[in-house]
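Worksheet: one structure, shown below.
Below is the structure:
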């Protein structure tokens, strides 16, 4: 059977029509051709494009089974499925107008988005018990574990990471804080653990094993929110309403981007070093602000900023007045809260 004819040009990253991990040779070739590969977080526009491509394909071929198209929950793909995907050039059609994403990246994202077992609700006690017991019996076969619960493998993996030991919730005690600091010193081999840029290099599962009753995520969050202050920041202050006003003002005027995934939080953090220990802390404040905006995937980042600017207008005006700010000069970014 001949392959489907496409009414759009195939971008260089999709020419091989393969969803396998790109080989070193392929990566070197793309680099030599100056082909940009987007490896960062998916933007709202990219996700909407992928959803549109998937729905268009399903309508065009009268098929809507994600298990058939994406091989979800299958150790081996059926011959019929493999042939259909190949002849219809499904992966290339899925990647239409996503020219800077590899087909591997698009395929993985699609498997996540269109998995019917992708549950967002918290796991119940009996589900947690099942996941923990099953993992002890068969190991980290997360897809197999999730089948009975109708949860995807990644979800089961995270449930296990969160619940494999009894944990405390709420405020950390001084003893727990000291245990975390000792654990960090032992794991990274240094008493200096304040550099937030090292967050991805720290093996948090190993750290958590040395902190009784706290899991990897709690350890990482407490460290980022309380233990990463730069040592030369002496005049530390609490996050106040003026800090919130300043953040909204800066995002609207000094860091104009169409999608928030393009924000450089490390750079923005430099404007808040006396009230924010890390860019993680700052992003947490931003995530809270977003909860003040109606949840709708069609509300753009810029519209969210405009809504928040109007909502906090009086606080922002007071912040501007207290700091003698006129206009929206980029110099305003470095103003320190009073």
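Numbering (the numbering used here), first residue to last: 9 to 346. A virtual CB, placed ideally from N, CA and C, is assigned to each residue, including glycine.
A Cβ-Cβ separation of about 7 Å places residue 21 in contact with residue 108 under the 8 Å criterion. Cβ contact annotation for residue 28 (same chain, cutoff 7 Å, sequence separation greater than five): 112, in chain order. The DSSP-derived three-state label of residue 113 is helix. 9 Å or more divides the Cβ of residue 62 from the Cβ of residue 14.
By the criterion of at least three beta-carbon pairs nearer than 8 Å, the region 210–230 is not in contact with the region 261–276. Per DSSP, residue 287 is one residue of the alpha helix (DSSP H) stretching across 287–298. Apart from the 5 residues on each side of it in sequence, residue 291 sits with its Cβ closer than 7 Å to the Cβ of 273 in its chain, given in chain order. Following the DSSP letters along the chain, one finds residue 207 in no alpha helix (DSSP H), marked with neither H nor E.
Taking the Cα of residue 221 as reference, the smallest distance to any Cα among 110, 54, 176, 295 is reached at 176. Linking residue 161 to residue 203 through their CA atoms gives a straight-line distance of about 33 Å. Between the region 34–45 and the region 247–266, the count of Cβ pairs shorter than 8 Å is below three; the stretches do not touch. Around the beta carbon of residue 158, fewer than 16 other beta carbons lie within 10 angstroms, which makes this residue exposed. In the pairwise beta carbon analysis, the region 234–254 is classified as touching the region 311–324: at least three pairs are separated by under 8 Å.
Taken atom to atom, the span from the alpha-carbon of residue 144 to that of residue 174 is near 16 Å. DSSP places residue 44 outside both helix and strand once states are collapsed to three, so it counts as coil. Counting only runs that start and end inside the region 68–126, the alpha helix (DSSP H) elements of at least 4 residues fall at 74–78, 87–95, 98–102, 111–121. The criterion of a C-beta distance shorter than 9 Å is not satisfied by residue 146 and residue 155. DSSP places residue 252 in the helix class (H, G or I) of the three-state scheme. By the C-beta density criterion, residue 226 is buried, having at least 16 other C-beta atoms within 10 angstroms. For the options 130, 54, 36, the alpha carbon positioned closest to that of residue 164 is the one of 130. With fewer than 16 other Cβ atoms from the protein chains shown falling within 10 Å of its own Cβ, residue 186 counts as exposed. Proximity to residue 47 across 247, 116, 284, 317 peaks at 116, based on C-alpha coordinates. According to the DSSP assignment, residue 274 belongs to the alpha helix (DSSP H) that extends over 273–277. Residue burial is scored here from C-beta neighbours: residue 16 has fewer than 16 other C-beta atoms within 10 angstroms and is therefore classed as exposed.
Residue environment: residue 236 is assigned as buried (16 or more neighbouring CB atoms within 10 Å of its CB, all protein chains considered).
Taking C-beta atoms as the reference points, residue 309 and residue 52 count as a pair closer than 9 Å. Taking 9 Å as the cut-off, the beta carbon of residue 264 is found no closer than this to the beta carbon of residue 275.
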